[in-house]
Amino acid sequence: MTLDVTTTQAWAKLGELAKTFEPDLRGWFADDPDRVASLTRTAADLHVDLSKNLVDDEVLAALIELADEVGLAERREAMFSGERINVTENRSVLHTALRRPKTDTLVVDGQDVIADVHATLDKVYAFADKVRSGAWTGVTGKPITTVINIGIGGSDLGPVMVYEALKPYVKPGLECRFVSNIDPTDVVEKTAGVDPETTLFIVASKTFTTLETLTNARMARAWLLDALEQAGAIDGSDAQKSDAIAKHFVAVSTALDKVADFGIDPENAFGFWDWVGGRYSVDSAVGTSVAVAIGPESFSDFLAGFHAIDQHFAEAEWAQNVPALMGLLNVWYRNFLGATSHAVLPYAQYLHRFAAYLQQLTMESNGKGVKADGSPVDTDTGEVFWGEPGTNGQHAFYQLIHQGTQLIPADFIAVATPAHPIKDGGQDVHELFLANFFAQTKALAFGKTADEVRAEGVDEKLVSAKVFKGNRPTTSIMAPELSPKVVGELIALYEHITFTQGVVWGIDSFDQWGVELGKVLAKQIVPAIGGDQAALDGQDASTKALIEYYRAHRS
12 MTLDVTTTQA WAKLGELAKT FEPDLRGWFA DDPDRVASLT RTAADLHVDL SKNLVDDEVL
72 AALIELADEV GLAERREAMF SGERINVTEN RSVLHTALRR PKTDTLVVDG QDVIADVHAT
132 LDKVYAFADK VRSGAWTGVT GKPITTVINI GIGGSDLGPV MVYEALKPYV KPGLECRFVS
192 NIDPTDVVEK TAGVDPETTL FIVASKTFTT LETLTNARMA RAWLLDALEQ AGAIDGSDAQ
252 KSDAIAKHFV AVSTALDKVA DFGIDPENAF GFWDWVGGRY SVDSAVGTSV AVAIGPESFS
312 DFLAGFHAID QHFAEAEWAQ NVPALMGLLN VWYRNFLGAT SHAVLPYAQY LHRFAAYLQQ
372 LTMESNGKGV KADGSPVDTD TGEVFWGEPG TNGQHAFYQL IHQGTQLIPA DFIAVATPAH
432 PIKDGGQDVH ELFLANFFAQ TKALAFGKTA DEVRAEGVDE KLVSAKVFKG NRPTTSIMAP
492 ELSPKVVGEL IALYEHITFT QGVVWGIDSF DQWGVELGKV LAKQIVPAIG GDQAALDGQD
552 ASTKALIEYY RAHRS
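My numbering runs 11 ahead of the 1-based position in the sequence shown.
Here is the structure:
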């Protein structure tokens, strides 16, 4: 039976603390000159300032006690060692094995998974080198200049986020595009303006049955063959079509029979394992498009960043353990202070897809209403993760964070050295940018009192509108630069934050049954849309009416 977290002494203690908890960041900073030092941590290259969180020594001690009472250390060891902690699918959870060095050994079910990982990595790297060097050519002998990744969920969100984050490391003359949405607009737009003779598609689907991915892959295949034939590159014969597909399509999949049926040479399929969840897979063969774009050396640095945080999470005591502390703080906000969402605000434009990536990682993992043993959860779980890069967000939703009625914890992320050190006149633009990063966390923490507003000569009628209450919690995460290693560190940080919260709540953070029902129903509804009256009559009144509207208005 999974532990009921609400029965632990630490949970009761946190509940009592919350009843009388009155956050006072101004006072806490004034009374404790060592607060910043005592609440700043280092994890690999990440400098993490927790001092602006709504936490005092008593709360922090109770959260650490909670980690011990829920067996976080034991669950962490179970994950790292390959126990089948994904209980509803009876699977190990070994994304951490994807970034362990080749010299390591980890035997699970009689198989050395580290050896398997590096065998696949070597194959991916050899392929990446061929594409990057021009040795891999299309059907007319031209080198590849455009790589289009076709996937959805973790097979899209991870690669596109990392590709965007590491744009400065992409080989000049090489571009990656990403197709995920089954809306045909996505394929049409992503193939627009590209040369079919120099385009390579990577189809990422473990089972090679994912509806969206395979539909998009077939549309891409039809586009490629039509475009090559119109350009006179192939004559339209079956033999030349087969040759074109083999030279312009590769797969990330273990279903080699289905890969071959599609027309892809199984030798050009890169596999991964059922112990790799989709949202934890960007550091597997799912990241092949990234490996091609940035090269094997940079991809190895990327993996090293993951591994550095894995080691920190595995070895650091709770009081110094950044992912554990951030996960426990999220529990404090979610379950005791009433927060329902969490903002992630990167002050780095290249991280503009990071919040979208984290939405799947966190919400698909911890958006659960039952515990790992199938019993109902004992408390609220999960938060809505969201965000946009600064300073864009400042001119959009920061109003709600600063002066709204909701408590919204926020993580601010920035780097010291920019990819593009540009000046506007005599002003270093990155410094101007980071002034906003520093100012926002300061304003959220300390606010502005009515007396301070009045001292600025503001009309009394406007004073209340210009008061900032402060005590809005933030975590500041900084790194030297946005390198491949640092991007890996950031991803691993949030993986382990998510894991920590899942352990506290007693849920299986590694299944995702909630995404299945809609997919099943969609397949059942397709005949109704296509004109099957019996299928249409079998729908509920609302769905039937909506389908009838569609059919009446489709031109």
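A virtual CB, placed ideally from N, CA and C, is assigned to each residue, including glycine.
* **Whole-angstrom distance between Trp286 and Trp222, CA atom to CA atom** => In the sequence under discussion, the amino acid at residue 222 is Leu, which differs from the Trp named in the question. Their backbone Cα atoms lie some 22 angstroms apart in a straight line.
* If we call anything under 8 angstroms between Cβ atoms a contact, is Met416 one with Asn346? -> At residue 416 the sequence reads Thr, which differs from the Met that was named. Not a contact, by the Cβ cut-off of 8 angstroms.
* Asked: Based on Cα-Cα distance, which residue from Leu83, Phe479, Phe32 and Asp127 lies nearest to Glu328?
  -> Leu83
* Cβ separation of Tyr174 and Val301, assumed to be a contact under 8 angstroms, to the nearest whole Å -> 6 angstroms
* **Rounded C-alpha distance that separates Ser376 from Gly247** => The C-alpha of Gly247 is placed about 46 angstroms away from the C-alpha of Ser376.
* Which residues mark the beginning and the end of the alpha helix (DSSP H) in which Phe138 is found? -> Val124 to Ser144
* To do: Would you kindly check if the distance between the Cβ of Arg465 and the Cβ of Val474 is under 8 angstroms?
  => yes
* Any idea which residues DSSP pairs Tyr344 with across the strands? -> Paired residues: none, contrary to the question.
* Looking at the unbroken beta strand (DSSP E) that takes in Ile96, where does it start and where does it end? -> Premise fails: Ile96 is in no beta strand (DSSP E) and is neither H nor E.
* To do: List the whole-angstrom C-beta distance separating Thr220 from Ile193, where the pair is believed to meet the contact cut-off of C-beta under 8 angstroms.
  => In fact, because the Cβ distance is near 14 angstroms, the residues do not count as touching under 8 angstroms.
* Asked: Which of the three DSSP states, helix, strand or coil, is assigned to Ala327?
  -> coil
* Inter-residue Cα distance where the pair is Glu308 and Ala383 -> 39 angstroms
* To do: Under 6 angstroms Cβ to Cβ from Thr19, same chain only, skipping five residues before and after it: list those, please.
  => Glu80
* To do: Could you spell out the range, first to last residue, of the beta strand (DSSP E) harbouring Arg52?
  => Thr51 to Ala54
* To do: Could you work out which residue in Ala72, Thr428 and Leu501 is closest to Thr53 when comparing CA atoms only?
  => Leu501
* Classify Ile213 as helix, strand or coil using the three-state DSSP reduction. => strand
* Asked: What residues in its chain sit with their C-beta under 6 angstroms from that of Arg37, if we drop five residues either side in the sequence?
  -> Phe457
* **For Thr299, the first and last residue of its enclosing alpha helix (DSSP H)** => Thr299 to Ile305
* Do Ala319 and Ala55 have their CB atoms nearer than 8 angstroms? -> yes
* Asked: Within this structure, are the beta carbons of Asp321 and Arg110 separated by less than 8 angstroms?
  -> yes
* For the beta strand (DSSP E) holding Arg188, just list the boundary residues, first then last. => Glu186 to Val190
* Asked: What first and last residue would you give for the alpha helix (DSSP H) that runs through Thr265?
  -> No alpha helix (DSSP H) contains Thr265, which DSSP labels as neither H nor E.
* Sorted by chain position, which residues of the same chain lie with C-beta nearer than 8 angstroms to Lys141's C-beta, five sequence neighbours on each side aside? -> Trp147
* **Whether Met158 touches Cys187 by CB criterion (8 angstroms)** => Per the sequence shown, the amino acid found at residue 158 is Val instead of Met. Yes, Cβ-Cβ distance for Val158 and Cys187 is below 8 angstroms.
* **Given 8 angstroms, three or more beta-carbon pairs between the stretch 332-346 and the stretch 118-138** => no
* Asked: Taking Thr218 as the reference, which of Val515, Gln438 and Phe281 has the closest Cα?
  -> Phe281
* **DSSP beta-bridge partners of Gln438** => Asp435
* Whether Val580 touches Phe260 by CB criterion (8 angstroms) -> Because residue 580 is not part of the residues shown, which for the chain are 12 to 566, the question remains open.
* Close Cβ partners of Ala539 (< 7 angstroms) along its chain, the five nearest in sequence each way excluded -> Within the same chain, Ala539 has close Cβ partners Ala546, Leu547, Gln550 and Ile558.
* Asked: Hey, quick one: how far does the alpha helix (DSSP H) through Tyr361 stretch, first residue to last?
  -> Per DSSP, Tyr361 belongs to no alpha helix (DSSP H) and is neither H nor E.
* What are the boundary residues of the beta strand (DSSP E) that Ser487 is part of? -> Thr485 to Glu492 is the extent of the beta strand (DSSP E) around Ser487.
* Asked: Of the residues Ser494, Thr452 and Ile488, which one's Cα is nearest the Cα of Phe479?
  -> Out of Ser494, Thr452 and Ile488, Thr452 has the C-alpha closest to the C-alpha of Phe479.
* **Reference Val70; option with closest CA among Phe32, Asp60 and Ala359** => Ranking Phe32, Asp60 and Ala359 by Cα distance to Val70 puts Phe32 first.
* Which residues DSSP lists as bridging Leu57, in chain order -> DSSP, once it has assigned bridges, lists Ala54 as partnering Leu57.
* To do: Return the chain-ordered list of same chain residues with a C-beta closer than 7 angstroms to the C-beta of Thr151, the five sequence neighbours on each side being excluded.
  => Glu208 and Ala244
* Figure out for me which residue from Ala450, Ala350 and Ser386 has the closest Cα to the Cα of Ile419. => Ala350
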